[in-house]
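Numbering (mature numbering (1 follows the signal peptide of the UniProt record, and there is no 0)), first residue to last: -28 to -1, 1 to 633.
The beta carbon of each residue, even a glycine, is placed where N, CA and C say it ideally should be.
The structure appears right after this line, and notes come after that.
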């Protein structure tokens, strides 16, 4: 991730349904987001290039920031959606031309002698392991490497490479492309118009049908080949050349050096494939070597957590019901005598609904938690159903932002209604609504502004353009803030939740404890973290190592488990606090489940140290920690809200069941 979640039935049938949804075949229908494009023999297709990316720096840069060949008609940027811009994508056209089903070897261009800046920049990008991200018909280019006898799949290809024990760097200047095509026989349909990304208009009643080729795979073998720059500079772009093999000797590779002229060439081979259009993304979305470990770990966690939660829930219900039954079966005199003799939650009946410290902040955080949780739930459900296709880059992030903006009405309603319940009046609801609208987005904008200045200073495409920055602010103030105020107004019109018992004027003294109560609160976050950390590893890998994450069925199961465990942990901890006559349960109920964010942030640091060891420089570490903090902060608000709302419902139910004169 990912507004309160209501569970009105046993979780077992729901979990079985989710399991069936997760393991059901993925080729039943094609993920929405792109449309089939059929090409005719010899039709020209042009590859596109995205920003250069690196797992070492996590700062994207424009493809044309390096001295690569440029298109004859000039550089043209593709239209990008909000999600793509926020992810630092910058999609441009490229000079790489493909003619369908035509194998050829072509010359592109020869650069001028590299000046000092260009040579230095190429060396730096090579040593920082920057990758070129190229696309053909919306498919990212893929390459394969052998590591310890295992074939590893990557998207993109490196800018260059530095051989071990050698001080020189070598540039990738020759690309051997393999384009997989599926021969398509039309069945009384014809695509009569195509858009930028291959979106088609289909004629329903076409008698002749249409045959052609569909692109179902895009692979590359990158090479470094030293060419005779003087001889090639006399050629024109797209002149045919003799095909070459990738040289193994460094003397035949193109070194990066000042005043060196670099010649760029490429080969294209079209190969017929049995892969059909709906299955062409399978190669990108399939899980890697650790797939079995992932499956069995998730299933093991699922069973263990359900088993533990079931035991805790059963024991807990039996304990509470026994207390209530014993208490209600006694007459008034016996109840009074029991109150004198026994300690426990029954003794805090006059203080349990006493106003917490910082009630406004609590209401604001619960409102923001509802907003974040609602966004996560809807996003993950839609992704599980296949509405967030990887073919539509940026769709996931764009959808999350839109959902968050419109869920402001739920945040305003919950925060103001809780405020009205605590205070007994709706006075001050405007300030609560304003704070709810500005608290989490304010923290988000402050952190992103600092990180954006860092990216601007590095001239990275990951930096938000100032126009987009103001557009986001406008969306925040013109959509989210008004909707939050509307939700707050509706909250003032709703009936406040009546407390079942009266609050005493003088607070009851809380008995001394052998250990700090907050220690137990912090420790409670370990159980929700146990349900989350496996998926967290795969999510972090998809974000920081450039891997595709599309097992949203698993993520939905983990989300359901997380909601159940957060509710269980918070309720049990609240009950334990009340049993030792500690009536200050409000914030502890929030942080009992919200403390999972501490472990998420610590795990992110662990991931940085042990799994992102290649991440270099203080700037990259600052970006990583900044984004990790925002993720942990959002998780704290969402999980804390689950715990608080469940505990509030429990405490209300518990004390409404006690007969009080």
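Its chain contains 325 as the residues whose beta carbon lies nearer than 6 Å to that of residue 471, once the 5 sequence neighbours on both sides are disregarded; these appear in chain order. When only Cα atoms are considered, residue 419 and residue 388 end up about 27 Å apart. Residue 483 places its beta carbon less than 8 Å from that of residue 552.
For residue 108, there is no enclosing alpha helix (DSSP H); the enclosing beta strand (DSSP E) covers residues 106 to 108. Apart from the 5 residues on each side of it in sequence, residue 548 sits with its Cβ closer than 8 Å to the Cβ of 492 in its chain, given in chain order.
Residue 114 is a Cβ neighbour of residue 190, given a cutoff of 8 Å. In this model, residue 382 and residue 340 are separated by some 9 Å (Cα to Cα).
Residue 372: member of the alpha helix (DSSP H) spanning 367 to 378, first to last residue. For residue 227, no beta strand (DSSP E) segment is defined, and its DSSP state is neither H nor E. Relative to the Cα of residue 72, the nearest Cα in the group 286, 46, 39, 153 belongs to 153. With a minimum length of 4 residues, there is no unbroken run of alpha helix (DSSP H) contained wholly in the segment 7 to 57.
Going by C-alpha positions, residue 119 is about 60 Å away from residue 626. A residue is called buried once 16 or more other Cβ atoms fall within 10 Å of its Cβ, and residue 446, having fewer, is exposed. Apart from sequence neighbours up to five positions away, the residues of its chain that approach residue 402 with a beta-carbon distance below 8 Å are 457, 460, ordered along the chain. The beta carbon of residue 428 lies closer than 6 Å to those of 435 in the same chain, with the five residues before and after it left out. Between residue 213 and residue 78, the C-beta gap is smaller than 8 Å, which places the two residues in contact.
Here the alpha carbon of residue 365 sits roughly 43 Å from the alpha carbon of residue 392. Out of 499, 565, 530, 432, the CA that lies nearest to the CA of residue 97 is found in 432.
In the three-state reduction of the DSSP assignment, residue 244 falls in the strand class.
With fewer than 16 other Cβ atoms from the protein chains shown falling within 10 Å of its own Cβ, residue 222 counts as exposed.
Rounded to the nearest angstrom, the Cβ distance from residue 534 to residue 618 is 13 Å, too far for a contact under 8 Å.
Cβ contact annotation for residue 422 (same chain, cutoff 8 Å, sequence separation greater than five): 598, in chain order. Under the DSSP assignment, residue 92 falls in the alpha helix (DSSP H) whose first and last residues are 88 to 99.
Residue 119: member of the beta strand (DSSP E) spanning 114 to 119, first to last residue. Contact between residue 32 and residue 66 fails: their C-beta atoms lie close to 16 Å from each other, not under 8 Å.
For residue 438 and residue 11, the gap between their C-alpha atoms comes out near 40 Å. In the DSSP assignment, residue 65 falls within the unbroken beta strand (DSSP E) covering 64 to 71. Bounds of the alpha helix (DSSP H) holding residue 590 are 590 to 628. A Cβ-Cβ separation of about 27 Å leaves residue 602 out of contact with residue 357 under the 8 Å criterion. Straight through space, the alpha carbons of residue 239 and residue 39 are spaced by roughly 20 Å.
Per the DSSP secondary-structure output, residue 191 pairs in a beta bridge with 114, 150. In this structure, the alpha-carbon of residue 501 lies about 36 Å from that of residue 130.
In the DSSP annotation of this structure, the continuous segment of the alpha helix (DSSP H) that includes residue 401 starts and ends at 401 to 429. Judged by DSSP in its simplified three-state form, residue 381 adopts helix.
In this structure, residue 226 lies near residue 196, with their beta-carbon atoms less than 8 Å apart. Nearest C-alpha to residue 145 among 218, 70, 99: 218.
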